[in-house]
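> Before we start, here is the structure in question, set down as structure tokens.
Protein chains in written order, with the working numbering: chain A, 5 to 324; chain B, 5 to 324.
The structure is reproduced here in structure tokens:
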């Protein structure tokens, strides 16, 4: 019915970072190492291990280096981290075996930028130009550009498409001026404001302004629309997604009172959707579910993933 | 982008029945009455209160009559129940104020039919012809025909489209032979096997075989595809859905080991999606979220609904 569905979808696993970063306490290293090692066996090609941020601000990530060194790195898997500034980048760059690449991060609103990075969105842009110099010094091409809060922001409300397109223009202009190829452009629904139709319109607009560039999505399931947004993106031919095993993660600023807002779109549920739609992912769903269950055991409370609790129909399918 | 999206979507609320039916124990009447009364204030036009089934088989529903009599019935709201046979129908028919209508239920597999109704799918068909006579005796037209396990069955596996179409043919033939208008045809993903593309194909096929009939969907979020399936159905112009506040429900036969499989698609999350897509529902989302939180308080554990935990972005939108 839809001919634009991609044939292969690539998942960038963020569970170890998104899931544990939001926890108030630091979980024992041993469990997190086992968890990442389990993910390494699933067929995932990229795993975001930790955030290299201020340990005082994010104590749960204060052992990022130790964790990185303790995991068993599997050949063919790229182990990455998150950094928000040059200092964070240099921390990860100092680690043997870390996958390094050039990445710039833009915000659509001052409020979110100030909260996350203690600078306005415009100041953040200027900092990204400095980051490009740092990547150049390491010989790393600009590979990814993230537009955060690309659909809405809990602090500033709805984000108009024109603001996103202005961020896109900034990326395009930099690349043109500095003679760089366009990076992958990630639209991040940081706090779960996207809806399937708005998402399609935004993809269409960004695609129109960045011919040839690959578009990726970072989606959250904050308000129950994650799977619908994922499917809408597939319908637009999008083949690159950030996701979290077991649906780990969730922005603490997105929750009502003492509740927990749901996390990122759930890797294994979305892999399952792909399989049902005939889209390849290179991921072993059984192993992914096992990793999700391990995460739940470590975190110690039910996690949002669905298929990890309901089981896989293909097992039944084979049995009958 | 998609012009087939409906302008108005009708939700049949099943939370009070789906949610409490699967519980091992019977919850106190008072809380369930308060819950249903809260739902009555949301703008919902139809609420399924209870199952009128064998109290020995389903003890949690053994006070169905008492519950029905205790709720405050609001004008304009239709209070219904589930029945599987003539005896169940006569129980609800005896209740003052119950909304009665003709309904037939078909299975795609013998295994599920035997488990739910202790008869084969073919025997079930014959029983439905008897049910039609019972409805005729009450002067009730055939309003709904349900095809259960229309996408797959945990006991028998994948259900081919031809099996569903054979059920559709049975409905069409009965209506032609008995000179009845076609009922609403509900495709029920009883244990969460549907995927967005397969769903679209099935809707297309059923629509082709039943010109003019309204198609409804009963969807479960068992494997995390509920919201995607809901959106895919909207794309096909479907405007009639069963759903459960807070995502209550979930077939006990769909869970892995001691886990709980996710329940029906979540009313307030899907209402939120509709609002974001510019589709009207007649439902007050704030009141719906309040009812979901009340359900969680009564059940006493976190329920699957997302927006009930993350809160409503429109509040923020208004504030800024």
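We treat Cβ as the ideally placed atom computed from N, Cα and C, and that holds for glycine.
1) Give the DSSP bridge partners of residue 225 of chain A, in chain order.
2) In chain B, which residues lie less than 8 Å from residue 111 of chain A when you measure between Cβ atoms?
3) Check whether the Cβ atoms of residue 191 of chain B and residue 155 of chain B lie closer than 9 Å to each other.
4) Please say whether residue 55 of chain A and residue 86 of chain A have beta carbons closer to each other than 9 Å?
5) Within 10 angstroms of the Cβ of residue 323 of chain B, are there 16 or more other Cβ atoms? Answer buried if so, exposed if not.
6) Is residue 280 of chain A close to chain B, meaning its C-beta is less than 9 Å from at least one C-beta of that chain?
7) Measure the alpha-carbon distance for residue 133 of chain A versus residue 180 of chain A and round it to whole angstroms.
8) Among B:20, B:33, B:9 and B:10, which residue has its Cα nearest to the Cα of residue 249 of chain B?
9) Where residue 98 of chain A and residue 189 of chain A are concerned, what is the direct C-alpha to C-alpha distance, given to the nearest angstrom?
10) Between which two residues does the alpha helix (DSSP H) containing residue 212 of chain B stretch?
11) For residue 9 of chain B, would you say it is in contact with chain A, using Cβ-to-Cβ distances shorter than 9 Å as the test?
12) Taking only beta carbons into account, state which residues of the region 212-227 of chain A come closer than 8 Å to chain B, listed in chain order.
13) So, helix, strand or coil for residue 301 of chain A, using DSSP?
14) How would you call residue 43 of chain A, buried or exposed, if buried means at least 16 neighbouring beta carbons within 10 angstroms?
15) Does residue 191 of chain A come out as helix, strand or coil in the three-state DSSP assignment?
16) From the DSSP secondary-structure annotation, give me the bridge partner or partners of residue 110 of chain A.
17) Using a Cβ distance threshold of 8 Å, determine whether the region 297-308 of chain A contacts the region 62-77 of chain A, with at least three qualifying pairs required.
18) Helix, strand or coil: which one does DSSP assign to residue 172 of chain B?
19) Whose CA, out of B:102, B:104, B:127 and B:101, lies closest to the CA of residue 112 of chain B?
20) Just the chain B side, please: which residues come within less than 7 Å of residue 277 of chain A by C-beta, in chain order?
21) Taking 9 Å as the threshold (beta carbon to beta carbon), is residue 310 of chain A in contact with chain B?
22) Going by beta carbon distance, what residues of the same chain come within less than 7 Å of residue 291 of chain A, once the five residues before and after it are set aside?
23) Beta carbon of residue 157 of chain A, beta carbon of residue 124 of chain A: below 9 Å?
24) Have a look at B:93, B:110 and B:114 and flag the residue whose alpha-carbon is nearest the alpha-carbon of residue 1 of chain B.
25) Would you kindly work out how many angstroms separate the C-alpha atoms of residue 77 of chain A and residue 293 of chain B, rounded to a whole number?
26) Could you list which residues in chain A have their beta carbon closer than 8 Å to that of residue 270 of chain B, in chain order?
27) Measuring straight from C-alpha to C-alpha, what distance separates residue 185 of chain A and residue 11 of chain B?
28) Could you tell me which chain A residues have their CB closer than 7 Å to the CB of residue 235 of chain B, listed as they occur along the chain?
Looking at the coordinates:
1) Mapped onto the first chain, residue 225 of chain A falls at position 221. In the DSSP output, where bridge partners are listed per residue, residue 225 of chain A has none listed.
2) The residue given as residue 111 of chain A occupies position 107 in the first chain. Within chain B, no residue comes near residue 111 of chain A; the closest Cβ sits about 16 Å away, beyond 8 Å.
3) Sequence index remark: in the second chain, residue 191 of chain B carries index 187 (1-based). Sequence index remark: in the second chain, residue 155 of chain B carries index 151 (1-based). With respect to residue 155 of chain B, residue 191 of chain B sits close: the two C-beta atoms are nearer than 9 Å.
4) Here residue 86 of chain A refers to the residue found at position 82 when the first chain is read from its first residue. Here residue 55 of chain A refers to the residue found at position 51 when the first chain is read from its first residue. The answer is yes: Cβ separation under 9 Å.
5) For the purposes of this step, residue 323 of chain B is identified with residue 319 of the second chain, where counting begins at 1. Caution applies to residue 323 of chain B, whose pLDDT of 40 falls short of 50 and renders its modelled position unreliable; the model cannot decide the point.
6) Position 276 of the first chain, counting from 1, holds the residue named residue 280 of chain A. Yes, because at least one Cβ of chain B sits closer than 9 Å to the Cβ of residue 280 of chain A.
7) The residue you call residue 133 of chain A lines up with position 129 of the first chain. The residue you call residue 180 of chain A lines up with position 176 of the first chain. One C-alpha to the other measures close to 13 Å.
8) As a first step, residue 249 of chain B must be located in the second chain, where it is residue number 245. The residue with the shortest Cα to Cα distance from residue 249 of chain B is B:20.
9) As a working mapping, residue 98 of chain A is identified with position 94 in the first chain. As a working mapping, residue 189 of chain A is identified with position 185 in the first chain. Distance between the alpha carbons of residue 98 of chain A and residue 189 of chain A: 26 Å.
10) Translated into the one-based positions of the second chain, residue 212 of chain B becomes position 208. Where residue 212 of chain B is concerned, the enclosing alpha helix (DSSP H) stretches over 200-213.
11) Translated into positions along the second chain, residue 9 of chain B becomes position 5. Yes - at least one Cβ of chain A is within 9 Å of the one on residue 9 of chain B.
12) 225, 226 and 227
13) Sequence index remark: in the first chain, residue 301 of chain A carries index 297 (1-based). Helix, per DSSP.
14) For this step, residue 43 of chain A is matched to residue 39 along the first chain. Counting Cβ neighbours within 10 Å, residue 43 of chain A comes out buried, since at least 16 surround it.
15) Position 187 of the first chain, counting from 1, holds the residue named residue 191 of chain A. Looking at residue 191 of chain A - three-state DSSP - the assignment turns out to be strand.
16) As a working note, residue 110 of chain A is residue 106 in the first chain. In the DSSP output, where bridge partners are listed per residue, residue 110 of chain A has A:151.
17) no
18) As a working mapping, residue 172 of chain B is identified with position 168 in the second chain. Of the three classes helix, strand and coil, the one that applies to residue 172 of chain B here is helix, per DSSP.
19) Within the second chain, the letter at position 108 stands for residue 112 of chain B. Per the Cα distances, B:127.
20) Locating residue 277 of chain A in the first chain gives position 273, where the first residue counts as 1. Listed along chain B are 199, 229 and 232, each with a C-beta nearer than 7 Å to that of residue 277 of chain A.
21) Within the first chain, the letter at position 306 stands for residue 310 of chain A. At least one chain B Cβ lies under 9 Å of residue 310 of chain A.
22) Working through the first chain from its first residue, we reach residue 291 of chain A at position 287. Around residue 291 of chain A: 45 and 46.
23) Residue 157 of chain A sits at position 153 when you count from the first residue of the first chain. Residue 124 of chain A sits at position 120 when you count from the first residue of the first chain. No, these two residues do not count as a Cβ contact at 9 Å.
24) This structure does not reach residue 1 of chain B, given that chain B is present from 5 up to 324, and the question cannot be answered.
25) The count along the first chain starts at 1 and reaches residue 77 of chain A at position 73. The count along the second chain starts at 1 and reaches residue 293 of chain B at position 289. Counting only the Cα atoms, residue 293 of chain B lies some 45 Å from residue 77 of chain A.
26) In the second chain, residue 270 of chain B corresponds to position 266, counting from 1. Per Cβ cutoff of 8 Å: 228.
27) For the purposes of this step, residue 185 of chain A is identified with residue 181 of the first chain, where counting begins at 1. For the purposes of this step, residue 11 of chain B is identified with residue 7 of the second chain, where counting begins at 1. Approximately 43 Å, taken between the alpha carbons.
28) The count along the second chain starts at 1 and reaches residue 235 of chain B at position 231. The contacting residues are 200, 232, 235 and 236.
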